[in-house]
Amino acid sequence: MNSHNDLPAASVLHFGPYAFHLRQRLILEGDRQLRMGGRALDILQVLVEHAGRVVRKEQLIAWVWPDSVVEEINLRVHIAALRRALGDGENGQRYIVNVPQCGYSFIAPVHGDSVAQVVFETLQAPQHNLPARLTPVIGRDSLVGSLVRQMPLCRLMTLTGPAGIGKSTVALRVAELLLQHYRDGVWYIDLSIAGDAPSLLDCLLHTLDTSFDTLASRHALLILDNGERRRESCRALVERLLLAAPRLALLVTSREPLQAHLETLQPIAPLTFPKASAPASVDELMGYSAVQLLVSRARARQHDFRLREQDLHTVCAICRRLDGLPLAIELAAAQIDALALVGLLAQLDNGLRLLSHGRRTAMPRHQSMSAALDWSYQDLRPCERRVLQRLSVFNMAFTADAALRVIDGAHLRAVIERLAAKSWLTMERGGDSTRYRMLNTLRCYVREQLETSAERMENLQRHVLYSGRNRSSAGGQLATQRVEQ
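Residues 55 to 539 in the numbering used here are what the sequence shown spells out, letter by letter.
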């Protein structure tokens with residue numbers, strides 16, 4: 055295990071009848087060497103060094119398999135092998151206990167020689183300031199695994215996507231799994247709280263309580279959350295860090311690319327949900343990550359909640375309406391105990407008011423869908439807001455030409471492209487054509503802004519006239535379907 059390559063040669067930890075020689079990576083019972091594999095030894099080393107404390111399963115997996123993505127079953131197999139090798143439970147002696155829903159703990163007394171004791175006292179959990187995660191991350195295993203493999207080889211990775219897609223959740227999960235890889239720790243900085251601070255670098259150094267020279271020499275991972283809030287300043291910051299700190303890695307979340315040197319982009323997709331007809335069974339429906347999240351969060355509030363066959367169509371409709379957006383699903387799930395599934399679906403017709411009862415401990419922008427979108431909407435230029443409002447009349451995907459006719463401005467093509475870059479529009483490429491789509495949740499929000507606009511009726515009339523011209527022209531019906539499918 056990479057984190058222990060520098061341990062002193064004399065390091066020995068003792069427990070029960072065993073002596074664990076850390077440098078030699080062997081365990082002796084008297085003069086007899088215990089036979090166990092390298093992964094099992096890695097797991098035992100972590101548990102023994104944290105004796106008396108619970109080590110989360112996720113931490114164990116990240117420390118023992120830092121460059122791989124493995125299932126929890128792998129960990130359980132090695133834990134079972136360790137228990138057999140140590141005679142755990144025989145003669146009343148226990149070493150490793152499972153803490154349900156959490157992890158494992160080494161409960162036997164541990165002591166070391168004079169050198170080993172120093173190591174034992176100084177080797178603690180990796181340095182970090184990551185916020186505690188209160189709920190499991192659902193539906194992101196493949197993405198997280200890919201990012202965990204990429205980050206040690208990547209200087210700058212930017213996660214992009216619209217509000218509520220889960221950029222921060224994914225970034226923090228990746229950071230958790232990389233804790234052991236970076237010798238000088240993993241550090242989280244929320245750029246949204248920088249406000250109008252004149253220097254993001256000064257804000258960063260203050261948060262980390264360090265100097266620039268010290269930071270530049272560290273082997274660490276920095277999570278810069280909400281980079282779009284100060285996009286130009288954030289780009290300048292990361293480019294300076296990349297130039298001055300060759301051992302720093304940067305994982306940024308932003309609703310649009312920073313367009314910085316060495317930037318690798320990773321768009322975050324919605325969770326999966328049935329796109330057409332409902333699955334034939336509950337088991338099949340539970341194969342979709344949006345449904346898994348909805349059920350998981352519903353059970354957190356209503357422990358006896360379960361899906362029934364008669365719920366299939368309703369759940370599919372809910373997940374479609376919410377676009378597979380994790381934040382929207384979590385906010386909706388909080389209402390299931392009061393409204394039931396059918397009532398929840400009916401209330402979704404009333405706009406975003408339903409999606410406004412987030413956890414009190416969550417950041418203000420995560421306590422309602424409108425708050426999450428307000429933040430991004432306020433950053434748009436006035437012309438971008440007007441175009442976005444005009445595009446909200448499209449219920450389905452649309453071409454750029456269709457959009458330009460409805461918004462009445464061929465010169466506004468660049469604005470449409472900017473809105474796509476800022477994650478307000480989703481681009482769908484097929485063959486030689488590109489279509490745009492506004493997610494249902496985003497469209498609902500923008501239409502609420504349009505309701506207070508003097509252009510509301512004018513925008514609707516433009517869309518009706520455009521659709522009417524398509525229907526009356528040769529092949530017009532097909533053209534309309536292409537625009538609105």
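We treat Cβ as the ideally placed atom computed from N, Cα and C, and that holds for glycine.
Less than 8 Å separates the beta-carbon of Val-100 from that of Trp-117. Across the set Ile-192, Ala-298, Pro-380, Thr-480, the C-alpha of Thr-480 shows the shortest separation from the C-alpha of Leu-445. Taken through DSSP and simplified to helix, strand or coil, Asp-142 comes out as coil.
The beta carbons of Ile-390 and Leu-398 sit closer together than 8 Å.
With respect to Ser-424, Tyr-499 sits close: the two C-beta atoms are nearer than 8 Å.
Membership of Ala-457 in the alpha helix (DSSP H) is indicated by the continuous run 454-461. In this chain, the beta strand (DSSP E) harbouring Ala-303 covers 302-308. For Asn-152, the uninterrupted beta strand (DSSP E) run begins and ends at 150-153, by DSSP. For Arg-501, the enclosing alpha helix (DSSP H) begins and ends at 494-505. Here the stretch 186-202 lies against the stretch 228-243, with 3 or more beta-carbon pairs under 8 Å apart. Of Asp-244, Val-396, Pro-206, the smallest CA-CA separation from Cys-288 is found for Asp-244. Rounded to whole angstroms, the gap between the alpha carbons of Ser-271 and Pro-300 is 8 Å.
When beta bridges are read from the DSSP output, Trp-241 appears opposite Leu-276.
Pro-380 and Leu-409 have their C-alpha atoms roughly 12 Å apart. For secondary structure counted as the alpha helix (DSSP H) over 4 or more consecutive residues, the stretch 351-437 holds these complete runs in sequence order: 366-375, 380-387, 390-401, 423-432.
C-alpha of Leu-129 to C-alpha of Ile-247: approximately 38 Å in a straight line. Cβ neighbours of Pro-185 within its own chain (closer than 8 Å, five residues either side excluded): Leu-226, Tyr-242.
Rounded to whole angstroms, the Cβ separation of Leu-259 and Leu-291 is 11 Å, and the two are not in contact under 8 Å.
Under DSSP, Tyr-158 takes part in a beta bridge, and its partners are Val-109, Asn-152.
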